[in-house]
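I have placed the structure first, in the form of structure tokens, so that the comments after it can refer back to it.
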Amino acid sequence: MVSGYSDISFASYLTNLQLEKTSNGVESTGVASVGINGNAKYHYSIPLPSGINGFTPQLGISYNSNLTKGSLGYGWTLSGPQSITRCQSSYFVDGEPGSISGEQSDKLCLNGMRLINVDGEYGAAETEYRTLSDTYQKIILHRGMQDSDSWFEVWDSDGIRSEYRQSVNLENGSPIFWYQTQMADLSGNLINYNYEPDSSGTNRTLYLSTVTYNGFSVKINYETANRKRSYFRAGSEFLDTLKVKTIDVFADSSTLVLTVSAHYDPKDANQDLLSKVTLSRYSSPEIDAFTIDWNTDGEEDFTDYSVALRGDFSEHQYSYRTFADVDGDGFPDYIGFAKNGVHVAFADGSGSYSSPLLLSHEFAEVNLVPKEDESDHKGGRREHRSMGMESSSRSERRGNGEGLGRRPDPNKEWNTLLHPRLLGDVNGDGKADIVGFGNYGVSVALSEGRKFRNAEQWLDTLGYIRSGWKQENKRYLADVNGDGLDDIVGFADRGVFVSLSDGTRFTAPQLWSQRFGAHQQYGERALGDFNGDGMADIVAFADKGVTVSLSPQVRLFLQRRYGQVSFERQDRGN
Numbered sequence: 012m013v014s015g016y017s018d019i020s021f022a023s024y025l026t027n028l029q030l031e032k033t034s035n036g037v038e039s040t041g042v043a044s045v046g047i048n049g050n051a052k053y054h055y056s057i058p059l060p061s062g063i064n065g066f067t068p069q070l071g072i073s074y075n076s077n078l079t080k081g082s083l084g085y086g087w088t089l090s091g092p093q094s095i096t097r098c099q100s101s102y103f104v105d106g107e108p109g110s111i112s113g114e115q116s117d118k119l120c121l122n123g124m125r126l127i128n129v130d131g132e133y134g135a136a137e138t139e140y141r142t143l144s145d146t147y148q149k150i151i152l153h154r155g156m157q158d159s160d161s162w163f164e165v166w167d168s169d170g171i172r173s174e175y176r177q178s179v180n181l182e183n184g185s186p187i188f189w190y191q192t193q194m195a196d197l198s199g200n201l202i203n204y205n206y207e208p209d210s211s212g213t214n215r216t217l218y219l220s221t222v223t224y225n226g227f228s229v230k231i232n233y234e235t236a237n238r239k240r241s242y243f244r245a246g247s248e249f250l251d252t253l254k255v256k257t258i259d260v261f262a263d264s265s266t267l268v269l270t271v272s273a274h275y276d277p278k279d280a281n282q283d284l285l286s287k288v289t290l291s292r293y294s295s296p297e298i299d300a301f302t303i304d305w306n307t308d309g310e311e312d313f314t315d316y317s318v319a320l321r322g323d324f325s326e327h328q329y330s331y332r333t334f335a336d337v338d339g340d341g342f343p344d345y346i347g348f349a350k351n352g353v354h355v356a357f358a359d360g361s362g363s364y365s366s367p368l369l370l371s372h373e374f375a376e377v378n379l380v381p382k383e384d385e386s387d388h389k390g391g392r393r394e395h396r397s398m399g400m401e402s403s404s405r406s407e408r409r410g411n412g413e414g415l416g417r418r419p420d421p422n423k424e425w426n427t428l429l430h431p432r433l434l435g436d437v438n439g440d441g442k443a444d445i446v447g448f449g450n451y452g453v454s455v456a457l458s459e460g461r462k463f464r465n466a467e468q469w470l471d472t473l474g475y476i477r478s479g480w481k482q483e484n485k486r487y488l489a490d491v492n493g494d495g496l497d498d499i500v501g502f503a504d505r506g507v508f509v510s511l512s513d514g515t516r517f518t519a520p521q522l523w524s525q526r527f528g529a530h531q532q533y534g535e536r537a538l539g540d541f542n543g544d545g546m547a548d549i550v551a552f553a554d555k556g557v558t559v560s561l562s563p564q565v566r567l568f569l570q571r572r573y574g575q576v577s578f579e580r581q582d583r584g585n
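Here is the structure:
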């Protein structure tokens with residue numbers, strides 16, 4: 012709850028804020044709203060002295076319930092100058108999804124809005140852009156986006172011209188962020204923004220340091236945050252280590268006219284909870300601009316249960332059941348594999364589901380143990396020993412279309428114990444697809460929303476007969492390289508094999524780690540993004556503790572045990 016002397020209204024942001032003095036001299040500029048995703052938002056405009064013709068920096072303190080760590084602690088950040096960043100390609104705009112790689116193939120966004128080139132090659136020097144949803148801004152990139160000294164020039168519909176010159180560079184030297192450094196109106200009045208790294212000098216993160224305009228200067232002072240945040244972009248690590256302490260406004264660079272102070276709750280040092288913001292004019296006593304009451308109202312419990320879908324959903328009806336977003340509406344749907352095919356009950360977002368629909372006759376449960384053909388044997392024994400068994404064979408190295416000529420039959424070969432059928436988005440369209448591990452390879456049926464395409468073979472290995480992958484050789488779907496496509500991660504006897512998805516097939520499996528084998532000392536294994544870099548990592552549970560292996564774009568696996576940290580370099584594919 013935010014309280015104090017601010018005028019709170021749950022509406023969209025006001026375009027013309029009327030600053031009215033209250034009895035304590037604080038302008039009523041606080042506005043609460045609800046974001047497009049249902050997130051709670053609040054914005055307080057810092058009352059800076061007005062510039063010539065009203066040309067004044069728009070600095071503010073903003074809350075977003077979706078934000079965890081901001082420059083003013085949990086959920087809160089200092090808002091104002093804009094930035095241009097590298098961003099991911101998308102299926103909707105580009106026809107295929109992609110991750111931020113630090114290369115020429117990356118896309119660009121202005122304050123989160125995707126940029127579309129209207130004149131020139133994307134990422135090349137002197138290319139002109141517009142925002143995808145037109146905001147009537149003209150954006151010019153000077154020099155190529157891979158050049159360390161590249162910068163942007165932006166004009167808005169009011170004729171205000173902005174420069175984005177100060178950048179943050181990746182390890183390869185190419186910029187990933189371009190920060191707004193100057194604004195100029197039609198009369199030549201200027202607003203200048205300057206950014207500095209933290210005092211250690213080892214961090215790539217830049218912080219807004221000073222703002223100058225019309226004889227005024229704004230200085231932002233920081234202190235070390237209790238809760239630091241680490242995140243990755245294109246394989247480079249960024250650390251967010253500071254939080255705003257005070258904002259001082261000077262006239263003629265020496266006369267202090269305003270101080271805005273951030274106060275944090277001393278009872279919860281781990282979260283950096285902002286408790287109030289105060290103002291002091293000309294070194295007078297502080298007055299509250301607004302206060303924040305953090306509480307834990309509400310019950311931490313599930314609501315009373317209700318029947319969402321009636322019918323027989325036992326293992327006698329469906330041999331395998333799971334939930335995944337098949338139609339891409341953001342709600343997990345029910346998927347059941349039965350004797351006649353794949354049934355889906357679609358979620359409506361209110362806790363209810365449609366009646367199950369038979370969307371595919373493929374991947375039906377047969378409950379038969381497959382027989383091995385003579386072609387799969389040599390001298391009465393298996394010709395291969397495979398990844399799932401003891402050693403590598405030719406079948407490990409073959410990708411799609413280079414096998415023994417035997418193709419999987421998605422209509423005949425499915426058994427719950429021997430043939431995993433998983434749901435994951437393998438082509439990056441936001442809809443969960445069926446990935447089945449059969450006798451002779453991997454079959455994929457792509458989701459089209461309310462139906463599945465016919466299954467196609469994406470890989471001719473990792474199967475039960477051809478490659479010897481058994482029940483104990485677990486296979487998972489997860490995005491291990493950050494491109495937005497789910498990949499196959501398989502735990503063989505001698506380590507972890509990864510088969511990457513390119514949106515149309517899976518590449519030949521490669522050995523990424525000699526740890527975590529099916530018969531090594533580890534028990535349960537799982538995948539998840541544990542360091543927030545957008546790539547799935549491995550967590551394994553053993554008698555001696557928990558081990559986490561990070562999946563970076565560099566081939567470095569971080570091992571953690573008993574609070575000790577050691578590094579092991581793995582060469583993928585060796």
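For the sequence shown, the numbering used here gives the first residue as 12, with consecutive numbering after it. Positions of the beta carbon are idealized from the N, C-alpha and C atoms, including for glycine.
query	result
Bounding residues of the beta strand (DSSP E) (the contiguous stretch that carries Arg176)	Arg172 to Asn180
Buried/exposed call for Gln191, threshold 16 Cβ in 10 Å	buried
Simplified DSSP state of Ser154, which is helix, strand or coil	It is worth fixing the name first, because residue 154 is Arg in this sequence and not Ser. The answer is coil: DSSP assigns Arg154 none of H, G, I, E or B.
Start-to-end residues for the beta strand (DSSP E) that takes in Gly502	Residue 502 is actually Phe in this sequence, not Gly. From DSSP, the beta strand (DSSP E) with Phe502 extends over Asp498 to Ala503.
The beta strand (DSSP E) enclosing Arg464, as first and last residue numbers	Unbroken run through Arg464: none, as it is neither H nor E.
Boundaries (first-last residue) of the alpha helix (DSSP H) holding Asp105	Tyr102 to Asp105
Through-space distance from Phe301 to Leu152, alpha-carbon basis	40 Å
Cβ pair Tyr451, Leu284 closer than 8 Å	no
Short Cβ contact (8 Å threshold) for Asn50 with Asn200	no
Tyr329 - DSSP class collapsed to helix/strand/coil	coil
Given 8 Å, three or more beta-carbon pairs between the region 169-179 and the region 67-85	no
Three-way DSSP call (helix, strand, coil) for Ser478 in this model	helix
Ser458 to Asn237 span [Cα, whole Å]	45 Å
For Ser294, the first and last residue of its enclosing beta strand (DSSP E)	Ser294 -> no beta strand (DSSP E), and no H or E assigned at all.
Buried versus exposed call for Lys52 [16 or more other C-beta atoms within 10 Å across all chains shown]	buried
Nearest neighbour of Ala262, chosen from Phe243, Val229 and Ser247 [CA to CA]	Val229
Same chain, Cβ closer than 8 Å to Lys389, neighbours up to 5 away in sequence not counted	Here the model assigns Lys389 a pLDDT of 38, short of 50, so the residue's position is not dependable, and the following value carries that caveat. Excluding sequence neighbours, Lys389 sits near nothing in its chain.
Identity of the residues DSSP links to Asp130 by a beta bridge	Glu139
Local Cβ density within 10 Å of Ala356, reported as buried at 16 or more and exposed below that	buried
Under the three-state DSSP convention, the category Asn64 falls into	helix
Exposure of Gly71, with buried meaning 16 or more beta-carbon neighbours within 10 Å	buried
Thr216 in three-state terms, based on DSSP	coil
Touching by the beta-carbon criterion (3+ pairs, under 8 Å), the region 437-453 and the region 476-484	yes
Cutoff 8 Å; reference Trp425; Cβ partners in own chain excluding five residues on either side	Phe348, Phe374, Ala375, Glu376, Val377, Arg432, Gly447 and Gly449
Buried versus exposed call for Thr515 [16 or more other C-beta atoms within 10 Å across all chains shown]	exposed
Simplified DSSP state of Arg240, which is helix, strand or coil	strand
Spatial neighbours of Asn205 in its chain, beta-carbon cut-off 6 Å, leaving aside the 5 residues before and after	Ser220 and Thr221
Sufficient close CB pairs (3 or more, under 8 Å) joining the region 113-122 to the region 139-158	yes
DSSP state of Thr515 mapped onto helix, strand, coil	coil
Integer Cβ distance of Pro68 from Gly91, believed to fall under 8 Å	6 Å
The beta strand (DSSP E) enclosing Ser510, as first and last residue numbers	Gly506 to Ser510
Cβ pair Ser286, Ile303 closer than 8 Å	yes
Cross-strand partners of Pro186 (DSSP beta bridge)	Asn180
Met194, DSSP secondary structure in three states	strand
Bridge-paired residues (DSSP) for Asp489	According to the sequence as given, residue 489 is Ala; it is not Asp. Bridge partners of Ala489: Asp498.
Asn232 to Phe249 span [Cα, whole Å]	20 Å
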